[in-house]
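Listed in order, the protein sequences are those of chains A and B. The working numbering applies: residue 1 is where the first sequence begins, and numbers increase by one. The working numbering applies: residue 1 is where the second sequence begins, and numbers increase by one. C-beta: ideal position from N, C-alpha, C; glycine also. Written out below as structure tokens is the structure these notes cover.
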Amino acid sequence: MTLQLAPPRHASGKRTAPRRRMARFDVRGMPYLLVSPYFLLFAIFGIFPLGYTLWLSLHDWELAGDKSFTGLSNYTELIADAEFWNAVFNTVGMFVMSTIPQIVLALLLANALNKRLRGRLLLRLGVLLPLVTSVVAVAVIFSGLFARDYGLFNWMLGLVGIEPIAWQNEKWSSWVAISTMIDWRWTGYNAIILLAAMQTIPKDLYEAAALDGASARRQFWQITIPMLRPTIVFVVFISTIGGLTLFTEPVMFEGNPQMTGGTTGQYQTVAMFVVEAAFRNYEMGYASAAAWLLFVLILIGTAANYWFTRRIGGSR
Amino acid sequence: MTNHKRFFVTGVVVTALAAMTAACGGDPATPASTAGATAAAEPVTINVHTFGAGENFGYDEAVKKWNAEHPNIQVKYSNLTDRFEDVYLPQLLQRLQAGSGAGDIVGIDEGAMGLLAARPQFFTDLGEHGLQDRKADFPAAKWETGVNADGKLFALGTDIGGMTMCYRKDLFEKAGLPTEREEVAKLWPDWNAYLETGKKFQAATKDAKWMDGPNTIYNVILSQEAPKNGNISYFDKSNQLVIETNPAVKTAFDWVQKFSQEGMTAKLQAFSPPWTKAIKGGDFATMGCPSWMLGVISGAAGESNKGNWDVAAVPGGTGNWGGSWLAVPKQTKHPKEAAEVLNYLTGKEGHIAAFKEAGAFPSSIPAQQDPEVAGLKNEYFNDVPTGEIFSTSVKDLQPVFLGEKHAQVKTSVEKVIEGMDQGAVSYAEAWSKFTAAGVKAAG
């Protein structure tokens, strides 16, 4: 290899020193320069806010008011705050309620779209359509559908003789409404990613299995799922991060920007709790501490899901 | 409804943008502050920022007139949002903290006056611009609230929320109740009579409720009870939370609990899209009406309902809910000109123009005494003589003290009342949850 490289080096030796330095920079430095905008932006909008929030979380600071260092007292207060844990419970609850059906549905959908179908391209485009709708528009429409007095769902329930449900009023009903919004928007997206991964699975595996007499279901569980594992891990990660920072849907569902998530916090998520603390009660330090705990929660959630999804199809 | 949503969304976006741009502020000095004589010819722009639904502060005409008469000081009037506690106030605080972005003149609702009076570093001392002389124009309470922790005058009063009761004539007629406003007033000399009339109404009507939701009437009764209990509501005058011990709070709470238990409320959250829809659709028959609420109703119910809503005397006597002030943030580049405009808007002329446009009843005494105000009628509400009604209702108005964290406590406890009304909080637990929410918000 070195021998092969020798002639060009020799040739460049005839150039002037600055040009040579330029050439070397071109090879060694340029890649870093080209990727640097991302890291610069990440430092400004990612690392700095992270650090600043950590620093703030150690202070008692009222917005536009006095600031004093209080050490970890915001954290100890938070850990004893029933409303914070209620928000965590809601967030995790809605995450489970929306993500599990969503991934399962996406898998089935992808499997179906992977078959030979009439108008396959249109169908594949169709499942992606909800994604191009803005979250706010989705939430506004669904909040209308789930409205207590004039909502479509209550009207349909009325047709079969069920009393109208005040969807915002109970934990289960508000969670159902919000999970529906999330799934409507994200199932197709996940299905397309899984479909793309399915198409990379070599066909001869299926052929061999079919020759051995494996049924379609058996092929799905024994070939498709194990081969999809890395993609499922990715999809679950993205859903975890999205699910644990859930914000827009519940806020729009509430219909006002008070951030309380219902009259008794039936569907207040941790992200809403942070905004409520910072910009409704003006406790910036307390909100920063909650934001950091949310960060930790996401790390734990992602790690747990990694551990869990690694076992999919890996049992033998 | 669409307005509501749109305001909210833009509110969020603006907040985010403000937070982002705030850090890179530091505008170069304008010519006016550096170049003396030459700059005098250049017109100065004064931004007036307000909040509120419907006609909000009602300054369109007043500003038009000022701009025509003062080519050198042009006023730009923008109403930022219809929500105060959860959109306008957080945004204002962020802009004050950031040192840029706030208007040259900002509107402030009574709920935040305690909070902002405790932050004198952010506001211009209006006394420095000669506005100290205006003291005789205002009732003592309105004036004193505009004096901050340093004893400096930082805000002057705009409107005042004298109290009435609005009702749907068409629903009253269907239920066999009288519809003329004098007779309606006789139906409810006190809240007990209001409750009994409500039962009669509810017995005769199935598809409408007696009142909107719990919190409108709650605020009305609290505003009537506070003056009977030392002119305080959630906080005493040394800023200590008295939510558990002040009988005014308990009385207001008990009445609302009774109305809710009787099934008389439409279970609506005030100032929410379904509430606005219900004002228009006639889903409830009565609503507590401070003067500014008239503008909210006519805006929500629309032209098709003209004449359906009317105004009668409120049960239980006078009270004040709401009312606002104008202040000049210290970050303004033109404090002198801003103070001049503020002086005009809070002067007799500005008050009268706002009353005509938005129904906001003047706090200014010369404006109240003006025959134009006293004789004004509201066409939308069957020509009700609002001037006369509100002049009488504000005559004996008492100054109610609101603590520094009044806005936060108010939002939290009203959530519990709403939850109780909608069934998420049991009636038995409601009072303890109510006080606990207040204690937490004040902590």
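Taking Cβ-Cβ distances shorter than 7 Å, what residues in chain A pair up with residue i?
i: Arg83 (chain B); result: Pro257
i: Gly419 (chain B); result: Thr263, Thr264
i: Val87 (chain B); result: Pro257
Going along chain B in order, which residues have a C-beta closer than 8 Å to the C-beta of residue i?
i: Asn86 (chain A); result: Result: empty, since nearest Cβ-Cβ is about 13 Å, beyond 8 Å.
i: Arg280 (chain A); result: Glu85, Asp86, Pro90, Gln408, Thr411
Please report the distance separating the alpha-carbon of residue i from that of residue j.
i: Val311 (chain B); j: Val384 (chain B); result: 7 Å
i: Ile165 (chain A); j: Gly71 (chain A); result: 46 Å
i: Ala436 (chain B); j: Glu244 (chain B); result: 9 Å
i: Ala301 (chain B); j: Arg168 (chain B); result: 11 Å
i: Phe123 (chain B); j: Phe279 (chain A); result: 21 Å
i: Glu110 (chain B); j: Trp431 (chain B); result: 25 Å
i: Met420 (chain B); j: Ala358 (chain B); result: 33 Å
i: Phe337 (chain A); j: Gly403 (chain B); result: Residue 337 (chain A) lies beyond the range of chain A shown here (1 to 316); nothing can be said about it.
i: Gly101 (chain B); j: Glu283 (chain A); result: 21 Å
i: Gly103 (chain B); j: Arg95 (chain B); result: 9 Å
i: Gly65 (chain A); j: Gln240 (chain B); result: 19 Å
i: Val88 (chain A); j: Phe295 (chain A); result: 12 Å
i: Leu326 (chain B); j: Gly130 (chain B); result: 16 Å
i: Val341 (chain B); j: Thr386 (chain B); result: 27 Å
i: Gly158 (chain A); j: Leu152 (chain A); result: 10 Å
i: Thr216 (chain B); j: Met113 (chain B); result: 21 Å
Among the options, which has the Cα closest to the Cα of residue i?
i: Val409 (chain B); options: B:Leu345, B:Phe235, B:Lys200; result: B:Phe235
i: Gln168 (chain A); options: A:Asn256, A:Ile162, A:Arg28, A:Thr16; result: A:Asn256
i: Ala250 (chain B); options: B:Tyr218, B:Asn239, B:Gly263, B:Ser238; result: As written in the sequence, residue 250 (chain B) is Lys, which differs from the Ala given in the question. Comparing Cα positions, the closest option is B:Tyr218.
i: Val63 (chain B); options: B:Met264, B:Ala430, B:Leu345, B:His406; result: B:Leu345
i: Glu196 (chain B); options: B:Ile46, B:Asp283, B:Leu171, B:Met264; result: B:Met264
i: Phe390 (chain B); options: B:Lys152, B:Met165, B:Pro178; result: B:Met165
i: Gly52 (chain B); options: B:Lys65, B:Gln74, B:Tyr88; result: B:Tyr88
i: Val176 (chain A); options: A:Ile298, A:Thr245, A:Gln102, A:Ser215; result: A:Gln102
i: Gln266 (chain A); options: A:Ser134, A:Ala82, A:Thr231, A:Thr53; result: A:Ala82
i: Val127 (chain A); options: A:Leu107, A:Gly93, A:Ala191, A:Thr76; result: A:Ala191
i: Lys200 (chain B); options: B:Val220, B:Phe172, B:Glu180, B:Asp212; result: B:Phe172
i: Met227 (chain A); options: A:Ala208, A:Thr245, A:Pro202; result: A:Pro202
According to DSSP, is residue i helix, strand or coil?
i: Pro226 (chain A); result: helix
i: Lys333 (chain B); result: coil
i: Lys237 (chain B); result: coil
i: Tyr267 (chain A); result: coil
i: Phe253 (chain B); result: helix
i: Trp155 (chain A); result: helix
i: Arg524 (chain B); result: As displayed, chain B neither begins before 1 nor continues past 443, which places residue 524 (chain B) out of reach and without an answer.
i: Thr200 (chain A); result: coil
i: Arg168 (chain B); result: strand
i: Val274 (chain A); result: helix
i: Pro273 (chain B); result: helix
i: Ala312 (chain B); result: strand
i: Gln74 (chain B); result: strand
i: Thr133 (chain A); result: coil
i: Asp60 (chain B); result: helix
i: Trp188 (chain B); result: coil
Who are the neighbours of residue i on chain B, taking C-beta pairs under 7 Å?
i: Asp149 (chain A); result: Pro274
i: Gly65 (chain A); result: Arg119
i: Asn154 (chain A); result: Going along chain B, no residue has its Cβ under 7 Å from Asn154 (chain A), so there is no contact; the nearest lies around 13 Å.
Using a Cβ-Cβ distance under 8 Å, would residue i count as near chain B?
i: Arg9 (chain A); result: Any reading at Arg9 (chain A) must be qualified, since the residue scores a pLDDT of 49, below 50, and its modelled position is unreliable; the value itself is stated next. No, no contact with chain B.
i: Thr302 (chain A); result: no
i: Pro18 (chain A); result: no
i: Thr260 (chain A); result: yes
Using a cut-off of 8 Å between C-beta atoms, extract the partners of residue i located in chain A.
i: Gly423 (chain B); result: Ala166, Asn169
i: Gln97 (chain B); result: Leu63, Ala64
i: Phe122 (chain B); result: Ala64
With a threshold of 8 Å between beta carbons, is residue i in contact with chain A?
i: Pro90 (chain B); result: yes
i: Thr411 (chain B); result: yes
i: Lys206 (chain B); result: no
i: Lys475 (chain B); result: Nothing about residue 475 (chain B) can be reported from this structure: the residues present for chain B run from 1 to 443 only.
i: Ala441 (chain B); result: yes
Check the Cβ of residue i against every Cβ in chain A and list those closer than 9 Å, keeping chain order.
i: Gln94 (chain B); result: Leu63, Ala64, Phe279
Between residue i and chain D, is any beta-carbon pair separated by less than 8 Å?
i: Ala87 (chain A); result: As a matter of chain content, chain D is missing from the structure shown, whose protein chains are A and B.
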